[in-house]
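> The numbers in the sequence shown follow my numbering, run straight up by one, and end at 310. Structure below; questions to follow.
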Amino acid sequence: MYCNFFINRSFLGILLISILMTTTTIPKNYAILFSAGQTVSDDHEYDSEYWYDLFTTYKQLYENGFDHNSIYALYGDGTDFTTSVSIFQVPAGWGISNITDYPNTASNLQAVFSNLAGIMTSNDNLYVWWLGHGDIDVNCPNVKFRIENRGTYVYDHQLAEYINQITNYNKRDISMVTCHSGGIIDDLSNNSTIIHASVSCEATSFGMEIEEYPHAPLSFYLASALNWETPSGTPVNADFKNDGLVDMEEAFVYADGHDTVNEPVGSDPGFLDDNYFTFCAGEIVRNVNIYDDFVFTGNVTINSGKTLA
């Protein structure tokens, strides 16, 4: 279990201490975010998304418990886009001036996965996010993903090889936000991996103007659901199970229901979506069973009268 709990009753605090003492290793969450382009100007369709959605995803991770040092952001030439839109600017309170770690080259991406392969343990969890353009490579399910500002491609089997360098992990969550992105599913699907893709291998995906700015819908709505609000601060409630938490199943259902231009697809052969909290923040409003493979990050409030079982 990995979460910051605020306990309203002391006996629940004793229960929490007992749980933590029996957990030998606290899992750590890592994220690799790859924005396969470089924004040139604000509020420009199929351009601004490279920065807007990268920042929105980074913010969602950071505000729900991921450490800056465990989020690897690859974007453009390796420096943040200078945006005039305040909701896509790094807040002063974060204690950092930039979120971008490396230029978005294939070699840098491979190196980041290689580095994490030597760090991650079988208790740790991995989130991978890719946003950009994609094409079919002759026939589905073979696809290739374009790094727009470099004019190069990473093929689905290559990306799978990069990711699969990491053999020690507990769970993986992969979000592919491109045309034909469903073609990655056959390369990475297993019982410890959740995959969400903007569209099937055969389909083209489209962007949307959401809250006055261009976004990739799947990325925008997943981040908004998991963060309980949109980038502009509009409240979001994706908690259709009414337990005060948002799991990945709820986030995907919310994204799918609000994406009016695409039909997102997913893979979850291990049935992780409905009981695996890659990220969470919320208030537990009914009794919840917590199992060993639940991983919480972020702040969870347990109200008086509610128990962990």
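Yeah, the Cβ is synthetic: ideal placement off N, Cα and C, and Gly gets one too.
Please tell me whether S193 and N263 are closer than 9 Å, where the distance is taken between their beta carbons.
Contact flag unset, no.
> State the Cα-Cα distance for the pair P92 and V139, rounded to the nearest angstrom.
The straight-line gap from Cα to Cα measures roughly 44 Å.
> Please work out which residues of its chain come closer than 6 Å, Cβ to Cβ, to W52, disregarding the five sequence neighbours upstream and downstream, and give them in chain order.
Counting only Cβ-Cβ distances below 6 Å, and skipping sequence neighbours, we find T40 and F82.
> Using the beta-carbon count (16 or more within 10 Å), is F278 buried or exposed?
The pLDDT assigned to F278 is 47, lower than 50, so where the model puts this residue is not dependable, and the model offers no usable value.
> Hey, which unbroken runs of the beta strand (DSSP E) at 3 residues or more fall wholly within the region 177-255?
You should have 194-198, 209-211 and 214-216.
> Would you report the Cα separation of L160 and L219, rounded to the nearest angstrom?
Approximately 20 Å between the Cα atoms of the pair.
> With a threshold of 16 other CB atoms inside 10 Å of the CB of F114, please say whether the residue is buried or exposed.
It is buried - the Cβ of F114 has at least 16 other Cβ atoms within 10 Å.
> Just to confirm my understanding: we take H216, look at its own chain, exclude 5 residues before and 5 after, and list those with CB closer than 7 Å. What are they?
The answer, listed in chain order, is E50, Y53, D54, G208 and M209.
> Taking three-plus beta-carbon pairs below 8 Å as touching, is the region 162-173 in contact with the region 135-151?
No, because fewer than three Cβ pairs between the region 162-173 and the region 135-151 fall closer than 8 Å, the two stretches do not touch.
> Cutting at 8 Å between CB atoms, please list the residues of its own chain near S71, excluding the five before and the five after it.
Excluding sequence neighbours, S71 sits near K29, N30, Y31 and A32.
> Decide if N9 is buried, meaning its Cβ has at least 16 other Cβ atoms within 10 Å, or exposed.
Only weak support exists for where N9 lies, its pLDDT of 33 falling under 50; the value from the coordinates is given anyway. With fewer than 16 Cβ atoms within 10 Å of its Cβ, N9 is classed as exposed.
> In terms of alpha-carbon separation, which member of H69, G119 and N105 lies closest to N99?
Of the listed residues, the one whose Cα sits closest to N99 is H69.
> Among V144, N169 and T168, whose alpha-carbon lies nearest the alpha-carbon of D157?
Here the closest residue by C-alpha is V144.
> Quick one: complete beta strand (DSSP E) runs, 3+ long, within the region 107-191?
Counting only runs of 3 or more, we get 126-132, 134-137, 144-148, 153-156 and 172-178.
> Since Y31 sits in a beta bridge, which residues does DSSP pair it with?
In the DSSP output, where bridge partners are listed per residue, Y31 has L127.
> Do D244 and N171 have their C-beta atoms within less than 9 Å of each other?
Against a cut-off of 9 Å, the Cβ pair of N171 and D244 comes out as no contact.
> Closest to D102 by CA distance: which of D44, Y73 and T235 is it?
Nearest option by C-alpha distance: Y73.
> Work out the CA separation of L246 and V286 for me, nearest whole Å.
Per-residue confidence for V286 stands at a pLDDT of 41, beneath the threshold of 50, marking its modelled position as unreliable; no derived number is given.
> Does DSSP put G94 in a helix, in a strand, or in coil?
Helix at G94.
> DSSP three-state call for S85: helix, strand or coil?
Coil at S85, not helix or strand.
> Could you give the residue range of the beta strand (DSSP E) that holds L62?
Here L62 belongs to no beta strand (DSSP E); instead the alpha helix (DSSP H) covers E50 to E64.
> Would you grab the beta carbon distance between N197 and G267 for me? Rounded to a whole angstrom, and I think it's under 8 Å.
First, the amino acid is wrong: residue 197 is His here, not Asn. Contact flag correct, Cβ pair sits at about 5 Å.
> Helix, strand or coil: which one does DSSP assign to G38?
It is coil, neither helix nor strand.
> Out of Q61, A37 and I27, state which residue places its alpha-carbon closest to the alpha-carbon of T231.
Closest option to T231, Cα to Cα, is Q61.
> Nearest chain C C-beta to T194 closer than 9 Å, yes or no?
Among the chains of the structure shown, chain C does not appear; only one protein chain is present.
> Can the beta-carbon of F56 be found closer than 9 Å to that of N105?
Not closer than 9 Å, so no.
> Check G267 in the structure and name its three-state DSSP category.
In this structure, G267 counts as strand in the three-state DSSP scheme.
> Among the candidates Y255, I186, T84 and Y63, whose CA atom is the shortest distance from the CA of D269?
Nearest of Y255, I186, T84 and Y63 to D269, Cα basis: I186.
> What residue does the beta strand (DSSP E) around I72 start on, and which one ends it?
Looking at the DSSP string, the run of the beta strand (DSSP E) that includes I72 is I72 to Y76.
> Which whole-angstrom value describes the C-beta separation of I211 and L273, a residue pair presumed to lie in contact below a C-beta threshold of 8 Å?
The pair is not a contact, with the Cβ atoms about 28 Å apart (cut-off 8 Å).
> Name, in chain order, the residues that DSSP records as bridge partners for Y47.
Answer is none; Y47 lacks a bridge partner.
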